[in-house]
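Novice: Residue numbers for the sequence shown follow full-length UniProt numbering, beginning at 1 and rising by one.
By construction, the Cβ of each residue, glycine as well, lies at the ideal position given by its N, Cα and C atoms.
From a predicted model like this one, the values you see are computed outputs, not experimental measurements.
Pasting in a structure now, in structure tokens, and then I'll have a few things to ask.
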Amino acid sequence: MAATASLAVSAEQLPRWSDLAGRLAAIAAAHADAAFASSLAAEDMVLTHAIFEHDLPITVFTLDTGRLNAETVAMIDRIAQRYGRAIEVVRPEAAAVAAYVAEHGQNAFYESVPLRKRCCEIRKVEPLRRVLAGRGAWITGQRREQAVTRGELPLDEHDPVFGLHKYNPLALWTQDEVWGAIRSLDIPYNPLHDRGYPSIGCEPCTRAIRPGEDLRAGRWWWESSDSKECGLHAGNLSAIPVSVVTTKQPG
């Protein structure tokens, strides 16, 4: 499978794809319990394809917050149908969600950054902490050009939030490189990307971006750009930001 996938990539893209495959293989060799947290967005579908096509022993999981778009949830079955491998679905504690809604309301995250972050903590951070417990490493699909909070994103780092090794193998990739791989390898992707969503999160907290806006402008759009992390990557907030690029949408 790996040779077929590599041959399908253009000569220009081959170095990036080969480097990615090598990085993932090295991670799997160094950490038998490595896990990849997929948001089911474009970058994460590239990583999922690489992991499954190279038959790497890396656990792939996603966080179903209970507020995802139907198109995002549908990606779970599309992955199973395409690759013949199911990904693990991790959900928040129902009691914690119910308590938050009872005290603050279903959409309290619009009211303040602390209430939004508390919602993210319950629906995303706690489930992630649960699935990462006892593991030595996890993998993300973050890229430097996505946001000012990711401008200094390293390829690998110690995660002070969850206390394990963290790998960001797509950190140096551009959006064009991501979509080049998706088109060359016919990788399934979330149809919301075709509707102006370069970054996809929970439905009430994500909108399509406008021409000229940065790639994560549609995430928590009512907040300032330097607060747009949910807690999964809280360590990003201590990084020195660099400029964020904007590029054309797929299609």
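When you compare the CB positions of R23 and E203, do they come within less than 8 Å of one another, or not?
Specialist: Going by C-beta atoms, R23 is not nearer than 8 Å to E203.
Novice: Is A133 buried or exposed, if buried means 16 or more other CB atoms sit within 10 Å of its CB?
Specialist: Flag for A133 reads exposed.
Novice: Q142: which of A42, L14 and P15 sits nearest, CA to CA?
Specialist: Of the candidates A42, L14 and P15, the one whose C-alpha sits nearest the C-alpha of Q142 is A42.
Novice: At 4 residues or longer, what runs of the alpha helix (DSSP H) sit wholly inside the segment 23-95?
Specialist: Counting only runs of 4 or more, we get 42-53 and 70-83.
Novice: Are A171 and L192 touching if we call contact CB-CB under 8 Å?
Specialist: Not closer than 8 Å, so no.
Novice: Check whether the segment 32-47 and the segment 56-64 are in contact - that is, three or more C-beta pairs closer than 8 Å.
Specialist: With the cut-off at 8 Å, the segment 32-47 and the segment 56-64 touch.
Novice: Could you give the DSSP three-state label for R210: helix, strand or coil?
Specialist: R210: coil per DSSP, three-state reduction.
Novice: Which term fits P15, buried or exposed, when burial requires 16 or more other beta carbons within 10 angstroms of its beta carbon?
Specialist: Classification of P15: exposed, given that the 10 Å Cβ count is below 16.
Novice: Hey, could you find the ends of the alpha helix (DSSP H) residue 312 is sitting in?
Specialist: Residue 312 lies beyond the stretch modelled for the chain, which goes from 1 to 251, so this question has no answer here.
Novice: What are the start and end residues of each continuous beta strand (DSSP E) run of 3 or more residues lying completely inside the segment 111-160, in chain order?
Specialist: Whole beta strand (DSSP E) segments, 3+ residues: 137-139 and 156-159.
Novice: Can you list, in chain order, the residues of its chain with a C-beta nearer than 8 Å to that of V178? Leave out the 5 residues immediately preceding and following it.
Specialist: Excluding positions up to five away in sequence, the list reads A42, E43, V46, R143 and L170.
Novice: Rank E12, A30 and V9 by C-alpha distance to the C-alpha of A167 and give the top, closest one.
Specialist: Just to set this straight, residue 167 is Tyr in the shown sequence, not Ala. Measuring from the Cα of Y167, the nearest candidate turns out to be A30.
Novice: Where do the N-terminal and C-terminal ends of the beta strand (DSSP E) with L164 fall, by residue?
Specialist: Counting along the chain, the beta strand (DSSP E) containing L164 begins and ends at L164 to Y167.
Novice: Should P211 be labelled buried (16 or more other beta-carbon atoms within 10 Å of its own) or exposed?
Specialist: P211 should be labelled exposed.
Novice: How is the alpha helix (DSSP H) around V178 delimited, first residue to last?
Specialist: Q175 to L185 is the extent of the alpha helix (DSSP H) around V178.
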